[in-house]
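S.K.:
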Amino acid sequence: MIVCVAVVGHQNNPLYIQSFTEADDALKLHHIVHCSLDVIDERVNNPKKSGPLLNETFLGLLYPTENYKVYGYLTNTKVKFILVTTDLDVKDADVRNFFRRFHAAYGDAVSNPFHVPGKKITSRTFAESVSTIVKAFGLSSAG
Amino acid sequence: MIGVGKIKQYSNVLDKPLSKGKQEVSLSAFSFLFSELVQYNQTQVDNIAELERRLEDAGYSVGARVLELLCHREKGNRRETRLLGILSFVHSTVWKVLFGKVADSLEKGTEHEDEYMISEKELLVNRFISIPKDMGTFNCGAFVAGIVRGVLDSAGFPAVVTAHFVPVEGQQRPRTTILIKFAEEVLRREARLG
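Taken in sequence, the protein lines are chains A and B. Note that the numbering used here numbers the first sequence so that position 66 is 66, with each residue one more than the last. Note that the numbering used here numbers the second sequence so that position 18 is 18, with each residue one more than the last.
1) When the cut-off is 9 Å and only beta carbons count, does B:His72 lie next to chain A?
2) Let me see if you follow: with CB-CB separation under 9 Å, is A:Tyr106 close to chain B or not?
3) Taking B:Leu123 and B:Gly136 to be in contact with their CB atoms under 8 Å, please state how far apart those CB atoms are, rounded to whole angstroms.
4) Roughly how many whole angstroms lie between the Cα atoms of A:Phe126 and B:Glu56?
5) Give every residue of the same chain whose Cβ lies closer than 6 Å to the Cβ of B:Ile86, excluding the five residues on either side of it in the sequence, and list them in chain order.
6) Within 8 Å, do at least three Cβ pairs link the stretch 164-180 of chain B to the stretch 114-129 of chain B?
7) Please name the residue in A:Leu88, A:Lys69, A:Tyr106, A:Asp25 whose C-alpha comes closest to that of A:Ser131.
8) If we cut at 9 Å on Cβ distances, does A:Asn76 have a partner in chain B?
9) May I ask you to list the residues that DSSP assigns as paired with A:Gln18?
10) Any Cβ of chain B within less than 9 Å of the Cβ of A:Thr132?
11) Counting only beta-carbon atoms, is A:Pro129 nearer than 9 Å to chain B?
12) If you measure from the beta carbon of A:Thr65 to each beta carbon in chain B, is any gap under 9 Å?
13) Can you tell me whether B:Tyr60 is helix, strand or coil according to DSSP?
14) Can the beta-carbon of A:Phe81 be found less than 9 Å from the beta-carbon of A:Phe137?
15) Is the beta carbon of A:Asn97 within less than 8 Å of some heavy atom of the ligand HEM?
16) Check for me: the alpha helix (DSSP H) holding B:Ser31 runs from which residue to which?
17) Against chain A, does B:Glu190 count as a neighbour if the rule is that its beta carbon must be under 9 Å from one of theirs?
18) Quick check on B:Glu24 - is its C-beta less than 9 Å from some C-beta in chain A?
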């Protein structure tokens, strides 16, 4: 079950945060997303020679907390996508697929000439396509 | 047998098979739009430098978005961290997506360490433009320079990009060169990466 998705700009400013649970713990999710930014910075600036390539876009599992798993994805423009999920048995391929579709929706939102880069994404179409992708992810991993 | 091996020519445009959405735009449509863009900006400014800056700003937003889209559509894309990597990316991939062919050449400047040049015999945007004599060295390729600056800036390589005409003997129209001058921090980071 995906709990939250977030898009963070290249100066670590939040561009879009959306939570998908009914519970009112938005603050905790913000905090988790914020902590994961540190993990990303650490991965990008200090590459382990035996670890994943420095310029790979999908960063994989960033860190597991109490009952959440956090996945990261970094684009060419240093924009980061964060995915927080409570599923315990997500397959790597599913997450990659999710990020690919998310990246497509993000590309469409940014191509909007009225979108100012660096400001929050306010497009309703983007919000709708994100919820569609999240629902599809929930169905595919449950089946 | 007669006729075998001949390429099918479609005399009627309605007979052509529907394209699979190859992201092609007609040159005339783009040329009209670009000429309107230049004309509109000309009425808003007082001098040449301002006009050039406005065209470059227009290109900058295009460049930022192009990078985001290309990053997603390219199969097996890797985030470019090296100078030569991002330059060859601009020179081949970006040029191919925007103009349908790779740029003519990519050279390293001889005088300064941080200068690189992408040159093109005839920029697509300049194809139907001739600059009047009283505008001096103005080049509508400033739009393309803005695109390159947008791509480099969004990828983390801040640079100053300008477009220049370079006269070539034996050719009536001069060659266009896009001059890229990288910022200090880019060179320092490159030296650190080794």
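Even glycine gets a Cβ: it sits at the ideal position worked out from N, Cα and C. As the structure is a prediction and not an experimental result, all values here were calculated from the model.
M.R.: From the atom records:
1) Within the second sequence, numbered from 1, the residue matching residue 72 of chain B stands at position 72. Yes - at least one Cβ of chain A is within 9 Å of the one on B:His72.
2) The sequence position of residue 106 of chain A within the first sequence is 106, counting from 1. For A:Tyr106, the answer is yes, since a Cβ of chain B falls inside 9 Å of its Cβ.
3) For this step, residue 123 of chain B is matched to residue 123 along the second sequence. For this step, residue 136 of chain B is matched to residue 136 along the second sequence. So it is not a contact: roughly 18 Å between Cβ atoms.
4) By 1-based counting over the first sequence, the position of residue 126 of chain A is 126. By 1-based counting over the second sequence, the position of residue 56 of chain B is 56. Distance between the alpha carbons of A:Phe126 and B:Glu56 is about 29 Å.
5) Counted from its first residue, the second sequence places residue 86 of chain B at position 86. Closer than 6 Å at Cβ, skipping near neighbours: Glu80, Ala155, Phe157.
6) yes
7) Stepping through the first sequence from its first residue, residue 131 of chain A is reached at position 131. Closest option to A:Ser131, Cα to Cα, is A:Tyr106.
8) Stepping through the first sequence from its first residue, residue 76 of chain A is reached at position 76. It does: the Cβ of A:Asn76 has a partner Cβ on chain B nearer than 9 Å.
9) On the first sequence, residue 18 of chain A is found 18 positions in, with the first residue counted as 1. Answer by DSSP bridge pairing, in chain order: A:Val5.
10) To locate residue 132 of chain A, count along the first sequence from 1; it is residue 132. No, A:Thr132 does not count as interfacial toward chain B.
11) The residue you call residue 129 of chain A lines up with position 129 of the first sequence. The sequence given here places Ser at residue 129 of chain A; Pro does not occur at that position. Taking Cβ atoms only, chain B never reaches closer than 9 Å to A:Ser129, which makes this a no.
12) Stepping through the first sequence from its first residue, residue 65 of chain A is reached at position 65. Output row for A:Thr65: interface = no.
13) Counted from its first residue, the second sequence places residue 60 of chain B at position 60. Three-state result, B:Tyr60: helix.
14) Locating residue 81 of chain A in the first sequence gives position 81, counting from the first residue. Locating residue 137 of chain A in the first sequence gives position 137, counting from the first residue. Contact: no.
15) Ligands in the displayed structure: none, and consequently the ligand HEM is not present.
16) The sequence position of residue 31 of chain B within the second sequence is 31, counting from 1. First-last of the alpha helix (DSSP H) with B:Ser31: 27-44.
17) Reading the second sequence from its first residue, position 190 is the one you call residue 190 of chain B. No, B:Glu190 lies away from the interface with chain A (no Cβ there is under 9 Å from its Cβ).
18) Residue numbering aside, residue 24 of chain B sits at position 24 when the second sequence is read from its first letter. So, not an interface residue.
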